[in-house]
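Student: I have a structure I would like to understand better, so I am pasting it below and will then ask my questions one at a time.
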């Protein structure tokens, strides 16, 4: 399950797809009261109660390190992680890599005559059936073929009727016939070691430290710029509809004069006090080229 931290990485795009006036927006300002969750959302990675990320963090906390292998890192370390109400800074080191043989399996419709007898799906070994079921479920009417890259362990390969070479030409599934093509592909698998750098305290304490380090007063705005900020607060966001919106640009550049506490792609986040209330502000220039070029990145 994706964490709420990563989900928020696309929140502006999601809002632009659903809110009136945002579909054609050239820039977005969001202002949300600075609760602990709002402060942590863009600045940390939330680790859930299950899954590989959770297992990594638990092993690090219990034993001092965790070693995992994969095609890519399973857990990012660019930001602190939150787990069970606390915040931790982790480090990740690549300790080696190896080459694994996977298989690109393609099922082609209308295979025609075959040199071997059709193989019935319900006679396949379990290691094959469990991999092909999701693939078959994804096919739609009119598809010429469906395919996927599949991984097998050494023992699973010994059981398989498909890899490394299928022992039949056609697979029969509920009256449909599929030609079976298999191509080996080489995949690099890297081993990663995770270690603990620092315990940063509870979520509340870390959020308070973020606010203390990055908060500033949002002041010196023109009346038009104040209208932008207040609409962002009251309406769930302000959406500029063209690059001629000088008030939006003025607010954005006011934020750009301060260091953001978090950033993601072309958007950045600040902690600002306005009219006595502290907010987490997000500026996303979307299609405003000059602003996109000037968005500062968090350190």
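In the working numbering, the protein residues as written are 610 to 908. All residues carry an ideal CB built from backbone N, CA and C; glycine is no exception. Remember, predicted model here, so these are calculated numbers, not experimental data.
Do you know whose CA, among 682, 635, 696, 638, lies nearest residue 814's CA?
Tutor: As a working mapping, residue 814 is identified with position 205 in the chain shown. It is 696.
Student: For residue 720 and residue 728, I'd like the C-alpha separation in whole angstroms.
Tutor: Against the chain shown, residue 720 aligns to sequence position 111. Against the chain shown, residue 728 aligns to sequence position 119. In a straight line, the C-alpha of residue 720 is about 13 Å away from that of residue 728.
Student: Would a C-beta distance cut-off of 9 Å place residue 734 and residue 763 closer than the cut-off?
Tutor: To locate residue 734, count along the chain shown from 1; it is residue 125. To locate residue 763, count along the chain shown from 1; it is residue 154. Cβ distance not < 9 Å, so residue 734 and residue 763 don't count as in contact.
Student: For residue 637, tell me which candidate among 705, 690, 760, 844 has the shortest Cα-Cα distance.
Tutor: Position 28 of the chain shown holds residue 637. The shortest C-alpha separation from residue 637 is found at 844.
Student: With respect to the alpha helix (DSSP H) encompassing residue 645, which residues constitute its N-terminal and C-terminal limits?
Tutor: Mapped onto the chain shown, residue 645 falls at position 36. For residue 645, the enclosing alpha helix (DSSP H) starts and ends at 645-649.
Student: Can you give the beta carbon distance from residue 635 to residue 850, rounded, assuming they're within the 8 Å contact cut?
Tutor: In the chain shown, the residue the question calls residue 635 occupies position 26. In the chain shown, the residue the question calls residue 850 occupies position 241. With a Cβ gap of about 7 Å, residue 635 and residue 850 count as contacting.
Student: Taking the alpha helix (DSSP H) that residue 764 belongs to, which residues open and close that run?
Tutor: Sequence index remark: in the chain shown, residue 764 carries index 155 (1-based). Note, residue 764: alpha helix (DSSP H), 763-768.
Student: From which residue to which residue does the alpha helix (DSSP H) around residue 833 run?
Tutor: Reading the chain shown from its first residue, position 224 is the one you call residue 833. That run of the alpha helix (DSSP H) goes 832-844.
Student: Around the C-beta of residue 858, are 16 or more other C-beta atoms found within 10 angstroms, so that it is buried, or is it exposed?
Tutor: Locating residue 858 in the chain shown gives position 249, counting from the first residue. Residue 858 should be labelled buried.
Student: Kindly list the residues whose CB is nearer than 6 Å to the CB of residue 713, restricted to its own chain and excluding five residues on each side of it in sequence; keep chain order.
Tutor: To locate residue 713, count along the chain shown from 1; it is residue 104. Closer than 6 Å at the Cβ level, and outside the excluded window around residue 713, lie 758, 792, 794.
Student: Just list the beta strand (DSSP E) runs in the segment 849-884, keeping only unbroken ones of 3 residues or longer that don't cross its boundaries, in chain order.
Tutor: 871-873, 876-883
Student: Specify, as a first and last residue, the run of the alpha helix (DSSP H) that residue 672 falls within.
Tutor: Looking up residue 672 in the chain shown gives position 63. Per DSSP, residue 672 belongs to the alpha helix (DSSP H) from 661-672.
Student: Measure the CB-CB distance between residue 678 and residue 800 and report whether it falls below 9 Å.
Tutor: Counting from 1 along the chain shown, the entry for residue 678 is found at position 69. Counting from 1 along the chain shown, the entry for residue 800 is found at position 191. Yes, the pair counts as a contact, with Cβ atoms nearer than the cut-off.
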